[in-house]
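Visitor:
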Amino acid sequence: MNSISIIIPVLNEATQIGDAIRYLFRHSPVDQIMYTQSSGHTPIGIVEIIVVDGGSTDDTRKIAASAGAVVITSAASRAVQMNAGAKVAKGNILYFVHADTRPPATFTTDILQAIEQGKDMGCYRYVFDRPDFLLKINAWFNRFSWLWCQGGDKTFFIKKTLFDQLGGYNEQYVIMEEYDFLRRATSQYRLHTLPKYAIASARKYEHNSWLRVQFANMLVFNLFRLGLAPVRLKKLYSRMIKK
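The sequence shown lines up with residues 155 to 397 when you count with the working numbering.
#1: So what does DSSP say about Met-394, is it helix, strand or coil?
#2: One question on the structure: do Arg-256 and Tyr-359 come within less than 8 Å of each other, judged by their Cβ atoms?
#3: Using a Cβ distance threshold of 8 Å, determine whether the stretch 292-305 contacts the stretch 205-212, with at least three qualifying pairs required.
#4: Considering only C-alpha positions, which residue in the set Ile-175, Phe-369 and Lys-313 is nearest to Lys-273?
#5: Taking the DSSP output, what are the residues bridged to His-361?
#6: Among Met-330, Arg-344 and Leu-320, which residue has its Cα nearest to the Cα of Leu-382?
#7: Report all residues from its chain with a CB closer than 7 Å to the CB of Gly-194; omit the five preceding and five following residues, and keep chain order.
#8: Can you tell me the Cα-Cα spacing of Pro-384 and Val-328, whole angstroms?
#9: Tell me the rounded alpha-carbon separation between Ala-174 and Arg-297.
#10: Do Ala-230 and Leu-165 count as a contact pair if the criterion is CB distance below 8 Å?
#11: Give the straight-line distance between the Cα atoms of Met-372 and Asn-362, rounded to the nearest whole angstrom.
#12: Considering only DSSP beta bridges, list what Ala-268 is partnered with.
#13: Excluding sequence positions up to five away, which residues of its chain have a Cβ less than 8 Å from the Cβ of Leu-348?
#14: Using the three-state DSSP reduction, which class does Arg-338 fall into: helix, strand or coil?
#15: By Cβ distance below 6 Å, which residues in the same chain neighbour Leu-316 in space, the five residues on each side in sequence not counted?
#16: Exposed or buried, Pro-285, counting other C-beta atoms within 10 Å across all chains shown (16 or more means buried)?
#17: If Ile-247 and Phe-311 are in contact, beta carbons under 8 Å, what's the gap, nearest whole angstrom?
#18: Anyone know if the C-beta pair for Val-251 and Ile-204 falls short of 8 Å?
#19: Could you tell me which residues DSSP pairs with Thr-227 in its beta bridges?
#20: Roughly how many angstroms lie between the CA atoms of Val-374 and Ala-293, to the nearest whole one?
#21: With which residues is Pro-163 paired in a DSSP beta bridge?
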């Protein structure tokens, strides 16, 4: 039987995490996720939601626990946090989700069916939660599997055995950890982009202009490909982008 462990890395996400957890549980009802395969297997859907806190100073941990998540702590680094969640996960499918991203309501059945069909890993397309024309242009490109079109807003699922085989996220990457992992993974396996849409937060664009974010993303991505040290990449990005 297949089961999904949802892993959410967080840092000071008190305003988002409760709604995120309730959404994920709400869209995984038993009558939606139980279905019989021709093989006779019956996937059981979500087994747990793991929130990995990187040292929040607000009520993130308390709210997450109250909403029904398993809460653990680690160093404040997304790669470290996601690896920590994967290490304790009980499901045989890992699903990495940002606290401010909402996958389609059918995500449980979508992922289980994809795995049953032999897809080792995959993601959704996404649209932003703001009807801005320039953001629609961004969203149009994320249907493609090119590395520069990836990122955590798309959410990401993978077989746990494959994640472990690939060594998980490289914890030296304090930024661009998802791109590094996918670069390694797609050299051997296909990334499947499911033709449905997650909804991603546009809050980064509320504090920075569209052009500023695009320039910062382009610069950091290209320096990443050229091998600039992750610590230097993070310092550069932090100077350019307001949170």
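All residues carry an ideal CB built from backbone N, CA and C; glycine is no exception.
Guide: Reading it off the structure:
#1: helix
#2: no
#3: no
#4: Lys-313
#5: Answer is none; His-361 lacks a bridge partner.
#6: Checking every option, the nearest Cα to that of Leu-382 belongs to Met-330.
#7: Because Gly-194 carries a pLDDT of 46, less than 50, the predicted location of this residue cannot be relied on, and the following value inherits that uncertainty. There are no such residues.
#8: 6 Å
#9: Computed Cα separation, rounded: 23 Å.
#10: yes
#11: 15 Å
#12: Per DSSP, none; premise fails for Ala-268.
#13: Asp-264, Ala-268, Gly-276, Cys-277, Tyr-278 and Arg-279
#14: helix
#15: Asp-274
#16: With fewer than 16 other Cβ atoms from the protein chains shown falling within 10 Å of its own Cβ, Pro-285 counts as exposed.
#17: 6 Å
#18: no
#19: Asp-207
#20: Looking at the backbone, the Cα of Val-374 and that of Ala-293 are separated by about 19 Å.
#21: Val-206
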